[in-house]
Every structure is written in structure tokens, then in C-alpha cells.
Amino acid sequence: MKIIHFADLHLGVETYGHIDAQSGLSTRLRDFTDSFDRLIDYAIDNNADLVLFCGDAYKNRNPSQTQQREFARRIKRLSQHGIPVFLLSGNHDMHNAYGRATAIEIFDTLAIEGVTVANKPGLHRIETPSGTLQIVALPWLKRSNIVGQEASAEMDFALLNQKMQQGLADVIARLSESLDPSLPAVLAAHVWVQSARTGTEDTMIIGQEHMLLPGTVALPCFDYVALGHIHRHQVLNRQPPVVYSGSLERLDFGDEDDEKGFYVVEIKNFDGIRHTTFEFNSIAGRRFLKIAARIEDWSLDPTGAALAAITPAVDDIRGNIVRLELSLPQDSVAMLDENRLRQAASEAYYFSIVRNIRKNSRPLPEGMAIEALSAADALDVYLRTKSAEYPRADKLLRLGHELITAAGDSPPFQICNG
């Protein structure tokens, strides 16, 4: 039995994109659907028995009609090729208001052949070309679903988390009791399991979230535990396998170093004993790239120094989302030519510049204002502050004094440009 496990599609994330002139849609929507298409192509070409999606189809719970159309087109394609699809609701699919439909509930309402939707905990038996698969479904559950709205409002987070852990553990244990041990079984859950390394989901979470202990999900009755919610793909346990597939596409710079894709899971039967193998299949989506450049205080050409950081990365810049992070002194801001920097990175899909400006420090003797210093004393104070980075400070001080003496030092010292 071959299963494709993926999660956290997040259709609707449009940051770092452009508006396509012909369609009027964000070009980032195309990035996400292209990645989804690669998964579907793989499932069809390799005769997958099931595509298992573990939550968060859209960026938010109110997707646009266009986003719903693009998602439905691809689910329909799987259905037309006779590949069953299991859709689990994630936190971004759930509506806050009681009784409101989830973002993926329409597939259940339309009763599309081969498509199963899990909006609440339950045990599902899915008929696949290779036999029956049991799926214990644990969609995202709000605190009020487990401990009650009034009770949760009166608890601190530590107690609430403990109650949530116990409540979710009870749900999983109860559903597991109904499993047929002669059939393969998978737990599909959209949860945060403790010890998981996080990624871009940190920027999409408001407040604190409850976590499950790894032992809650790593039960021996399961041949595989398919997880969604954490955007970085990772294996938390080997026996049974407890696996986050991660998000299918990079969402922001928090995903810069993460590999994206899906897991191919195979459950085989050897003389009555089931054995599970799983392998990550990467998708070459659009990359995020940060370039750091520090402009030194004595630099007379801050633009050239920044270009020196961009030039070696030209091949990596092409077609990708790039952010130049500049650390520069306040005095260099006016000399920086951003147009030249943007021209150097013109082959980037998206290019931005972040400037971290270092303020000029002016340490003075206690009670003394800079306006009261002579030009020679002001130069002395300035060079002392730069001595760690300025090995030529003594020579500059001597030359400066010679110039000031030749010009005639007439206090008070005049300050220009702040």
C-alpha cells in the first residue's frame, strides 16, 4: 500500500509576489499550485493508493473563490484517476464561530467519489486499490472542544495544556480501541507534538498553543503517524514512524534553509507481519535567500561594499526571493545608491533591502556639550570612539590636527548635518 503524505498547503499566501497582468492573480498562487501539481503528477505516475492531506489547505478560513477553485481542480484530478483522497481539517481551515463550515467541508457535502473529509475525530475505513486502510483522524480541535469554553477561560496556560493533552490522548486511545489489528492503520493528526522543530508556523500563530507528548501519538497499533501543522519536515519517532511532512512550499524567510516536499509511505505485509517504509520526496520550489553585508564606518563607497556581497550570489539570486540585509553607519545612508543594488539583483523574482542603521555615538566628558569643544578636541573624541575599528586613528589624529592648525581653529566647533 503506497500513501502520499503531505500537509500545510496554505493556498492564499501572496507575500513576495506580483500581480500577473493577464490573469490578475498573484504570481505566488502559481508557485503553490505548481508544487501541488508536482505532488499530484507523482501520485498518478507511481500508482499511489491514497493521498493523505493533514490539514491547512488555505492561508485562512475564508479562502477566495479562486483559491477554492484551484484546490478543487487538483482534488478532482486525483479522483478522476481513481486515487482516494483523505482531507483532514487544520487550524487554518476551522472557523472560529460555532456551526460555521470548515474551508474543506464542501467536499464532504458534494460527496465526491473517493474523497473523504475529517472535520471531527473519528475512525475511517478507506478502500484503496491495495486493500482497506484504517485512519484514525484527529483534526485540529479548539480548547473549548476539549475542556469547555467557560472552564478554559478560568485556567492558566499550564493547566489548560495539561487538560488538552489528557483530552486528546483519551480521544486517540478511544478511537484506537476499535481498530482491526489485521488491517493497516494510520493516525492522521493536525497537532503540535512536543520536541518538534518549528519553522514558519511561528509567524502564523497568535498566542500560545497546546502541545501533545510524543508518547500520545506513537502508539504500537499504528503503522504510521502522519502529522500536519509544523512546517519543517521531520521524523519524531521510528517505531512506529511519527512524521511531519512539513509545508509543501516555502512561505517566508523562516523556510530559507528548509527542504520542501512530501513523504511516500509504503506499508508491506511479510508473512503476516506489516512493515512500514517512508521516504521524503523533495520539490524544487522557489527559494528564499538572505544576503548580509556590513558597511564599515570608514567606508567611502557603501554601495560598492554592498555590491561586493551581491555579486558572488548572482546565480543563487536568479528567479528567487532575495533580501539584502545591510548593516551600515548613519553617515553612509545618504551615500547609498539603492538603484544600483536593485539593478545588480534584477534577475531576482523579488528583491528587498533591509537597512539596519548604526547610530553615531558621541561620548563626551561628563557635563560637556559637543558644541563647547574645539575642532581638535571634537576630532580627538570622535577618533577615540572609532579606535577599535580604525587602526589608523593615531595617524588621522595627527594629520587632522595639522589641518586644523593650518586652517585656524576658532571655537565654538560648528556641527553640520547633526
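The opening position of the sequence shown corresponds to residue -18 in this note's numbering, with each subsequent residue numbered one higher. Quick reminder that beta carbons are idealized off the backbone N, C-alpha and C, glycines included.
Helix, strand or coil for residue i? Go by DSSP, reduced to three states.
i	result
His191	coil
Pro293	helix
Gln215	strand
Gly235	helix
Val152	helix
Thr83	coil
Glu370	Note that Glu370 scores a pLDDT of 49, beneath 50, so its modelled location is shaky; the value from the coordinates is reported in the next line. Note: Glu370 maps to coil in three-state DSSP.
Ala274	strand
His256	strand
Thr(-4)	coil
Leu160	coil
Tyr330	coil
Leu380	helix
Ala(-12)	strand
Ile338	strand
Express the C-alpha separation of residue j and residue i in angstroms, rounding to a whole number.
i	j	result
Leu31	Pro65	5 angstroms
Ser7	Asn142	39 angstroms
Phe261	Ile(-16)	12 angstroms
Tyr331	Leu360	43 angstroms
Cys397	Ile385	With a pLDDT of 45 at Cys397, under the threshold of 50, the modelled position of this residue cannot be trusted; read the value that follows with caution. Cα to Cα, the separation comes out at about 16 angstroms.
Asp238	Phe13	18 angstroms
Gln220	Arg213	20 angstroms
Phe394	Asp358	With a pLDDT of 44 at Phe394, under the threshold of 50, the modelled position of this residue cannot be trusted, and the question is left open.
Ala265	Lys241	7 angstroms
Ala193	Gln146	Inspection of the sequence shows that residue 193 is occupied by Leu rather than by Ala. Between Leu193 and Gln146, the C-alpha separation is close to 5 angstroms.
Tyr205	Pro283	55 angstroms
Ser4	Ala166	43 angstroms
Lys376	Trp279	14 angstroms
Ser45	Val(-6)	12 angstroms
Leu59	Phe88	13 angstroms
Leu281	Arg339	16 angstroms
Tyr225	Gln215	5 angstroms
Val198	Glu86	25 angstroms
Val96	Lys144	33 angstroms
Thr47	Leu104	32 angstroms
Ser308	Ala290	12 angstroms
Leu322	Asn301	16 angstroms
Met316	Asn337	15 angstroms
Within 10 angstroms of the Cβ of residue i, are there 16 or more other Cβ atoms? Answer buried if so, exposed if not.
i	result
Val303	buried
Lys101	exposed
Ala326	buried
Ile254	exposed
Leu305	buried
Phe138	exposed
Arg231	buried
Met75	buried
Pro222	buried
Asp236	buried
His408	With the chain represented from -18 up to 399, any question about residue 408 goes unanswered, as that position is not in the structure.
Arg267	buried
Asp37	buried
Ile56	buried
Hey, residue i and residue j are a contact pair by Cβ (cut 8 angstroms); roughly how many whole angstroms apart?
i	j	result
Leu68	Leu119	About 14 angstroms separates the two Cβ atoms, so there is no contact after all.
Ser228	Thr181	7 angstroms
Ala177	Leu33	Wrong, their Cβ atoms sit about 19 angstroms apart, outside the cutoff.
Ala287	Ala274	5 angstroms
Cys35	His171	6 angstroms
Provide the residue(s) that pair with residue i in DSSP beta bridges, ordered along the chain.
i	result
Asn262	Phe243
Gly209	His171
Gln423	Coverage of the chain is limited to positions -18 through 399, which leaves residue 423 absent and any answer about it impossible.
Leu322	Answer by DSSP bridge pairing: none, since Leu322 is not bridged.
Phe203	Partner(s): none; Phe203 has no beta bridge.
Pro222	Arg219
Lys(-17)	Glu247
Arg303	Checking the sequence shown, residue 303 turns out to be Val, not Arg. Per DSSP, Leu270 and Phe332.
Ser228	Ala(-12)
Any beta-carbon of chain C closer than 8 angstroms to the one on residue i?
i	result
Ala53	The displayed structure is made up of one protein chain only, and chain C is not part of it.
Compute the minimum distance between the beta carbon of residue i and the heavy atoms of the ligand SAH, and state whether it is under 7 angstroms.
i	result
Ile338	The ligand SAH is absent from the structure shown, which contains no ligand whatsoever.
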